[in-house]
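S.K.: Protein chains in written order, with my numbering: chain A, 410 to 663; chain B, 11 to 308; chain C, 111 to 425; chain D, 5 to 435. Handing you a structure now.
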Amino acid sequence: MSAILETRGLTKAFGAVVAANDLSVSVAPDTVVGLIGGNGAGKTTFLNLVTGYQKPTAGTVTFEGRDITGLAPRRITRLGICRSFQIPQVFDTLTAYENLLVGLGIVSLGRRAFVGSALGDQAPEAVAEEMLQRFRLGEWRDAPASALPEGVRKLLDIAMALAVKPRILLLDEPTSGVSADEKFALMDLVLGAIRADKVTVLFVEHDMDIVRRYTERILAFYDGRIIADGMPDRVLADAEVRRYVTGEPVPGGA
Amino acid sequence: MGDLLAVTVDGVLYASWLFIIAAGLTLIYGVMRILNMAHGSLYALGAYAAASLAGAWLRGGHAPMGSYAMLAAAAILVGLVMGPLIERGLLRFCYGKDEVVLVLVTYALFLMLEDAVKLVWGVEAYFVAEPYGLLGSVELGPLSYPVYSGILVLAAVGVGVALLYAVTRTKHGKLLLAVIHDREMSAAMGIDVNRIYLVTFTAGTMLAAIGGALTAPTVSVLPGMGVEVIVLAFAVVVIGGLGSMPGAALGALIVGLVRSAAVHWLPQVELFSIYLVMALVLVFRPRGLFVAAEARKI
Amino acid sequence: MSAGAPPRLWPRLGLALLVTLAVVPFLPKWAAFLVTLALAKGLVALGLLLLMRTGLVSFGQGLYYGIGAYAAGMGASALELGDAVPLVLLGATAAGLVALLLGLLLARYRTIFFAMLSLAFSMIFYGLLVKTSALGSTDGFNVAARSTFGLPTTSPVGRFGVYGLGALVVFVGAASLDRYLRSHLGRLAPAIRDNELRVEYMGASVRNVVHLHLVLAAVLAGAGGALTALAVGHVDPETTYWTTSGEFVFVAILSGTGSVAAPFVGALLLELLRSFAYEHAPNTWQLVVGASMLAVILFLPEGLWSVFRRRRRAA
Amino acid sequence: MRPWSRSLAATAVLSTLLLAGAAVAQAPAPAAEVKPFKIGVVTFLSGGAAGPFGVPARNAAEVVVEALNGGKLPAPHAAKGLGGRAIEVVFIDEAGGPTTQVAEYRNLVQRQNVDAVIGYISSGDCLAVAPVAEELKKLTLLFDCGTPRIFEEGTYRYVFRTAPHATLDNVAAALYVTETMPKTRKVAGINQNYAWGQDSWTDFEASMKVLRPDVQITTSQMPKLGAGQYGAEISALMSGSPDIVHSSFWGGDLDAFVLQAAPRGLFKKSVAVFTAGETAMYKLAGQIPDGTIIGARGANGVYAPDNALNGWFRTAYTDRYSLPPVYPSYRMAQAILGLKAAYEKAQAGGAAPDQDKIIAALEGLTFESPSGTVKMALGKGHQAVSEAVYGTVKNVKGKITFVNVKRYPAEKVLPPEGVKSADWIKSSLKK
């Protein structure tokens, strides 16, 4: 199967600090991939490099066979890769509804420019209403984003990423800041909403239970490199991963 | 060759004058995030106070040398009276407002001070020319410069060194840096931000007044004398980078030298040379020479 | 609010247009002129409102105001255009074209740096005008339109030509801007103000939108400048001086960005205030104007328009 | 309904404000036998031009109008007020630029219902106001502004200028320099970078080149209006070692230039020609060296003739303001007295004349002022001409006196009717 996203030798150095070191990854379409690793391991840098927030020092990023290395975030978004953020990036003075409408409006404005993404015949306003319902944001519809609880902001942030109809969605710690008992509900909600559209998902996560439950494949990062790549059970059982990433005793359910 | 010397000397003299004024502006902006449009009026107040005090001193028949002390006293007086008056009486009610709104607050203040000055001193010109010529002149090639101009340079250097010392070596200065770095955190850590603001604004006011007091002997002190100064000082501060003290020094030097070169070699462009420099600097260094764009955590 | 889209503003603006036109014969003559000036300056402030909603404050709108005024003036003298309508269009177009060019650079700047770079451009233009003795240097030159919509300025109706044209331009400008701000593109303005990064991550070019808004604001300012030139009958470099730009920012902030009608109310109140202060306190009018400004900033932090809004909330 | 009612409320509030303003403005005056003649006086009351020009002019208006109302002026202006009718004055600040001034002019005429306007120091304001005066058909006397363009570019019925335009100052300065300093070879200039400064230098340079074709210009400095710091300019002037430094500086700029240039010895090397120097010389007596050439923009101030009218004006003004009147004061007095002369001529012992009669009387009028006899000779009888005077400073015991004073009749320093100043300088000055 041909890869939807492929990186080769992706490297990012800030002076002497190498935040990403020779990352070569190939992601198949319609999969869910988990990115794990300690703080500063290079997960977010990987996301930043793929989505164009940072330009790599070396290496390439290919999306559906097309070289997208160093393109601006909006170009990459328009090609079909979108992301959510560790710190929710929402429009504080706009309501939840309007936040979604901004993205949907951009899509409808640039409908022709979006490859493989269209709203169909639906008006952006209707899609926004529908998304509010799908993400259970209905009760917050007319509240300014600045007034939303952190977990809701997180959800809105993810919904906004999805509003632009990406082929690949990159989620940066979707469950951080969300209470432990809500994490699974949130992931069910998010992945349920996404997977219906056969969107490829890569997400950064610290909670290994979440990773184990929702991913088909795990990339483990340490010190800017990928130290393990494969099926969740295999990666989580890997000795290096256990030493540098999870730090947990040998799990029973391997 | 002689030309080059003159251009340099004239440029440095102009730069010294500008730096004293711009230093106060950039200090206030750096700490309080207020681009103070009333800075020019405070400069004018310094000049008025200096002309009145030194004038009275000289008319009273005291030793002419004492007039220098009077200039300094006037600047300190204006700083100590107007600084706290404006900061406590007006600005503290406006903290937390948008930067642009704060610019408007100080613009309103500028309008009011312009008329207040007129009410106190009238529209007649005030003079206190004696200190300018008192110390004699030095010959530089075909040109002669009053020794007083040297005092201006010394004052500028003194202001720069004093500020540098105050900020990097004193406890107060370190608190100041903390406030510049992160206001909320400083307040949370128990730093009395209000006190820092009061001291900063008073110091900034005093710098404007020093600029005015030192200028008083070389001009006639008149209503409206502060208007031109504001935009010039803005240009200097923007070129150097808002809030940056070394930036203000370098900005003043650049503006001084460019203007002096224009006057000597290309008088036609003098009128907009400064704005041209400002536009050019901003094109290549969008935040000025000494301030780098900060990356944002996402 | 229930159906989603907020009510359109243009019927109300249309009503305001009709009222503005209908009251002319009843207004004292001096007031008709003040209203014309307020409409013209309000147009510039309206452009600033668009920029402010996008998160930008320009201290150099005098540049476009001045270009509009000079373009209209030169159109009347050099191109011998006699009618006010093409002159206003000329002013707006010229200002828009300049913004199109400068926008290539300005659209990259934000906050105070945007403000100062705009200011630098307007001051460079000021310097050029002062240097151009063919255009009268600081004295400027006189401008006279012979007619408005073909009505000669000497006719009883044509005398109010610039006033009526001003009201019409304001109606078109305010109604289209209001419509624009409710469109998908227009909604990007507050989004950019709140979070540029996210806008980019939704696939829109912040720089292009800002560039567009710069041009729109310049077109409005240019039309305002041309109207001022025609109403006053004179253009001079003062139009591009930083104090003029400052006055526009003042009007925009004083009015508040709540509604496209706000800048015109603010501009009119400022003209009235200044005019009565000149008359009753010729020696201390700056004190009066400054104190009024402070009072508004301190007691009406959301601008004068919030007075109307509060009334509604209370009702 | 609510939004509609809101916009109606807004409209109502604004209309009420406008109408209330109108009511305040047009509050009915008590029915008097003869209403006072109301003059709107516009001059700088704020900003840098207030001290040197605006306020001395306002002071002169107060002194003259008060004395006129009391009938205290010597002949030929001894009659009370305007032919017995009292004068009332409204002062307006000239600050704010032409746009503001056009608005304020309309307010004066349409809201305050003045009978005439006297004003304008800035040429830009004069140019802008003149067509509005025509539109509103209101008698307007420009008292000070200098640009020759007003009557060279337009013809006006309601607009008069009771002072000569600026060409005179610089042509006369060039004549004076050629006559008193025949060895002049190198000339430099420092003028403010705005229309008046530029025109002054253009006229002076052109005149010098016609009068002394071998003259060499070392530098022409044009600092910004209100710059205040002239260190580099003074160096640039000094490096060329010119015989003459021409300057049309005024007000604070002139003071600052003199204060900064004197200690550096510029005036020891070169003779300064200050075309508007009179406003500064009282205050700067200690700094202005012997030999400096000073003008007063006509026969004003120290150069005013020794007649009864001038004697009265100097005394009355000095008594009240403890400073002698300067040329803007003289020009203000000149404008008011010109109006008075025209009014009384039109009245001719009969009833109060209407505006058309006053205008007819003022066209081409010759009248007496503290500066001597003024003729409304140019611009189809709307533009005054008067003689030009220059002299050289001699400091006698700390007091400035003038030697070598030369008077130039109007026809020697001003172009005749219908000829533009610039053309006239090039073609006819030599003769």
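All C-beta atoms in this analysis are idealised placements derived from N, C-alpha and C, irrespective of residue type, glycine included.
1. Return helix, strand or coil for C/Phe374, following the three-state DSSP convention.
2. When DSSP labels each residue in this structure, what does D/Lys42 get in the three-state scheme?
3. Taking C/Ile234 as the query, report the chain B residues whose CB atoms sit under 7 Å from its CB, ordered along the chain.
4. Starting from D/Arg324, trace the alpha helix (DSSP H) in both directions and tell me its first and last residue.
5. Leaving out five residues before and five after D/Phe271 in sequence, what residues of the same chain have Cβ atoms less than 6 Å from its Cβ?
6. Taking the continuous beta strand (DSSP E) assigned at A/Cys491, which residues delimit it?
7. Please go through the same chain and pick out, in chain order, the residues whose beta-carbon is closer than 6 Å to the beta-carbon of A/Phe544, but skip the five residues on each side of it.
8. What does C/Tyr219 touch in chain B if you count any residue whose Cβ is under 9 Å from its own?
9. Which stretch, first to last residue, makes up the beta strand (DSSP E) that contains D/Met380?
10. Can you list the residues of chain C that B/Met235 reaches, using a CB-CB cut of under 8 Å?
11. Any idea what DSSP makes of D/Ala392, helix, strand or coil?
12. Less than 8 Å between the CB atoms is what I'm expecting for D/Asp97 and C/Tyr388, so what's the real figure, rounded?
13. In the DSSP assignment, what residue or residues form a beta bridge with C/Pro262?
14. Rounded to whole angstroms, what's the CA-CA distance from C/Thr258 to D/Ala178? Just pull it up for me.
15. So for B/Leu150, helix, strand or coil by DSSP?
16. Can you check whether the CB of D/Phe261 is closer than 8 Å to the CB of D/Ser251?
17. Measuring only the C-alpha atoms, how far is A/Ile496 from A/Val587?
18. Would a check of beta-carbon distances place B/Phe244 closer than 8 Å to chain C?
19. When the Cα atoms are used, what is the spatial distance from D/Asn408 to D/Lys273?
20. If distances are taken between C-alpha atoms only, which option among B/Ser77, B/Ala85, B/Val246 and B/Leu290 comes closest to B/Thr36?
21. Does the contact criterion of 3 or more C-beta pairs under 8 Å hold for the segment 406-418 of chain C versus the segment 357-369 of chain C?
22. If you reduce the DSSP assignment to three classes, tell me which class A/Pro482 lands in.
23. State buried or exposed for D/Pro419, treating a residue as buried only when at least 16 other CB atoms are found within 10 Å of its CB.
24. Give the straight-line distance between the Cα atoms of A/Ala532 and C/Gly313, rounded to the nearest whole angstrom.
25. What do you reckon, are the CB atoms on D/Gly342 and D/Leu140 nearer than 8 Å?
26. Tell me the DSSP secondary structure of C/Arg384 in three-state form.
27. Nearest to C/Leu408 by alpha carbon, out of B/Tyr155, B/Val111 and B/Leu52?
28. Do D/Val277 and D/Ile429 have their C-beta atoms within less than 8 Å of each other?
29. Using only alpha-carbon positions, find the residue among B/Leu242, B/Leu45 and B/Thr215 that is nearest to B/Asp108.
30. Along chain G, in chain order, which residues have C-beta atoms closer than 7 Å to that of C/Tyr388?
31. Nearest to B/Ala259 by alpha carbon, out of B/Thr225, B/Arg269, B/Phe300 and B/Val91?
32. If I follow the unbroken alpha helix (DSSP H) through C/Gly335, where does it start and stop?
33. Going by the CB atoms, is the gap between B/Val265 and B/Leu28 shorter than 8 Å?
34. For B/Met122, which of B/Leu100, B/Tyr105 and B/Met216 has the nearest alpha-carbon?
35. Reducing DSSP to helix, strand and coil, say where D/Gln233 ends up.
36. Determine the direct distance from the alpha carbon of D/Val69 to that of D/Ala337, and round the result to whole angstroms.
M.R.: Here's the rundown:
1. Correct three-state label for C/Phe374: helix.
2. D/Lys42: strand per DSSP, three-state reduction.
3. Per Cβ cutoff of 7 Å: Phe282, Tyr285, Leu286 and Ala289.
4. For D/Arg324, the enclosing alpha helix (DSSP H) begins and ends at Ala312 to Tyr325.
5. Exclusion of the five residues before and after D/Phe271 leaves Pro293 as the residues of its chain whose Cβ lies within less than 6 Å of its Cβ.
6. Per DSSP, A/Cys491 belongs to the beta strand (DSSP E) from Ile490 to Arg492.
7. Leu564 and Ala568, listed in sequence order.
8. Simply Leu292 and Pro296.
9. Unbroken beta strand (DSSP E) run through D/Met380: Gly376 to Leu382.
10. Taking the beta carbon of B/Met235 as reference, no residue of chain C falls within 8 Å; the closest one sits roughly 15 Å away.
11. Strand at D/Ala392.
12. Rounded, the Cβ-Cβ distance is 6 Å, consistent with contact.
13. For C/Pro262, which the question treats as bridged, DSSP gives the partners C/Ser257.
14. About 48 Å.
15. Secondary structure of B/Leu150 (DSSP, three-state): strand.
16. Yes, these two residues count as a Cβ contact at 8 Å.
17. C-alpha separation (whole angstroms): 12 Å.
18. Yes, its Cβ sits closer than 8 Å to a Cβ of chain C.
19. So the two alpha carbons sit approximately 20 Å from each other.
20. Of the listed residues, the one whose Cα sits closest to B/Thr36 is B/Val246.
21. With a cut-off of 8 Å, the segment 357-369 of chain C and the segment 406-418 of chain C count as touching, because enough Cβ pairs lie within range.
22. Helix.
23. Burial call: buried.
24. Those two C-alpha atoms are separated by around 18 Å.
25. Cβ atoms of D/Gly342 and D/Leu140: not closer than 8 Å.
26. Reduced to three states, the DSSP call for C/Arg384 is helix.
27. Here the closest residue by C-alpha is B/Val111.
28. The answer is no: Cβ separation not under 8 Å.
29. Nearest neighbour of B/Asp108 by Cα position, chosen from B/Leu242, B/Leu45 and B/Thr215, turns out to be B/Leu45.
30. The structure shown contains no chain G; its protein chains are A, B, C and D.
31. When each option's Cα is compared against that of B/Ala259, the closest is B/Phe300.
32. First-last of the alpha helix (DSSP H) with C/Gly335: Val316 to Val342.
33. Less than 8 Å divides the Cβ of B/Leu28 from the Cβ of B/Val265.
34. Of B/Leu100, B/Tyr105 and B/Met216, the residue nearest in Cα terms is B/Leu100.
35. Coil.
36. Looking at the two C-alpha atoms, the distance is approximately 9 Å.
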